[in-house]
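Asks: In short: position in the sequence shown from 1, add 2, done, that's the numbering used here.
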Amino acid sequence: MADDFKVKEPRSRAAEVDGADLAILEALQDNARLPLAALARQIGMSQPAVSERVKRLEERGVITGYGARIDAARLGLPMMAIIRLRTTHEHIRPALERFAAMPEVVEVHRLTGEDCFLLKVLVPTPADLETIVDGVARFGAVTTSLVLRSEAAKPIGRDLLRKARG
Numbered sequence: 003m004a005d006d007f008k009v010k011e012p013r014s015r016a017a018e019v020d021g022a023d024l025a026i027l028e029a030l031q032d033n034a035r036l037p038l039a040a041l042a043r044q045i046g047m048s049q050p051a052v053s054e055r056v057k058r059l060e061e062r063g064v065i066t067g068y069g070a071r072i073d074a075a076r077l078g079l080p081m082m083a084i085i086r087l088r089t090t091h092e093h094i095r096p097a098l099e100r101f102a103a104m105p106e107v108v109e110v111h112r113l114t115g116e117d118c119f120l121l122k123v124l125v126p127t128p129a130d131l132e133t134i135v136d137g138v139a140r141f142g143a144v145t146t147s148l149v150l151r152s153e154a155a156k157p158i159g160r161d162l163l164r165k166a167r168g
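1) What is the DSSP secondary structure of T89, reduced to helix, strand or coil?
2) Straight-line CA distance for M81 to P128?
3) Start and end of the alpha helix (DSSP H) containing V52?
4) Please classify R140: does DSSP put it in a helix, a strand, or coil?
5) What residue range is occupied by the uninterrupted beta strand (DSSP E) comprising K122?
6) Buried or exposed for L124, please, with buried defined as at least 16 other CB atoms from any protein chain shown within 10 angstroms of its CB.
7) If we ignore side chains and look at the alpha-carbon of each, how far apart do V19 and E132 end up?
8) Tell me which residues share the same chain as L79 and place their Cβ nearer than 6 Å to its Cβ, disregarding the 5 neighbours each side in the sequence.
9) In this structure, what does DSSP give as the bridge partners for V107?
10) Please return the same chain residues whose Cβ sits closer than 7 Å to the Cβ of L120, not counting the five positions on each side in sequence.
11) In whole angstroms, what separates the C-alpha of N33 from that of E54?
12) If you compare alpha carbons, which of S147, I26, Q31 and A25 is closest to A155?
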């Protein structure tokens with residue numbers, strides 16, 4: 003868990019992808035459980051060719067993993083909050099270590115501007131949120147917003163993938 007929020011080295015350049023790679027990425031974003039044979043039929047390639055391309059996309063870090071979308075509220079975590087933290091440079095590493103130890107913190111984003119971090123947290127009750135906010139506030143000033151509703155996460159579409167390619 004401690005590696006979840008470690009500082010990652012910036013990528014030097016974008017990975018090269020072609021139209022077939024884009025089709026694979028689009029299909030897997032829509033359904034990551036799609037069998038390779040079905041994916042191959044869908045994009046008009048052989049299964050071995052698709053398998054090799056997927057493997058290459060994984061090795062180059064374009065595909066970083068596969069997972070299920072989970073409804074946190076149905077698991078007893080109905081409250082989602084966004085916490086913004088303004089801190090000082092010497093608190094950045096200790097804050098990241100603390101966030102990694104807090105299972106309620108499901109996303110951490112390093113920011114530019116006045117705030118240094120944006121955290122997405124999931125909790126069952128307001129009292130639990132208060133505990134989390136107090137733990138984060140050890141590192142600086144916090145601003146907390148409750149999420150009223152989340153719309154479905156939007157996958158990276160073909161147009162944006164093409165635009166990123168240049």
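We put the CB at the ideal spot given by N, CA and C, even for glycine. As the structure is a prediction and not an experimental result, all values here were calculated from the model.
Replies: Put simply:
1) coil
2) 8 Å
3) Q49 to E61
4) coil
5) F119 to V125
6) buried
7) 45 Å
8) L124 and P126
9) V123
10) I84, R86, H111 and L113
11) 18 Å
12) Q31
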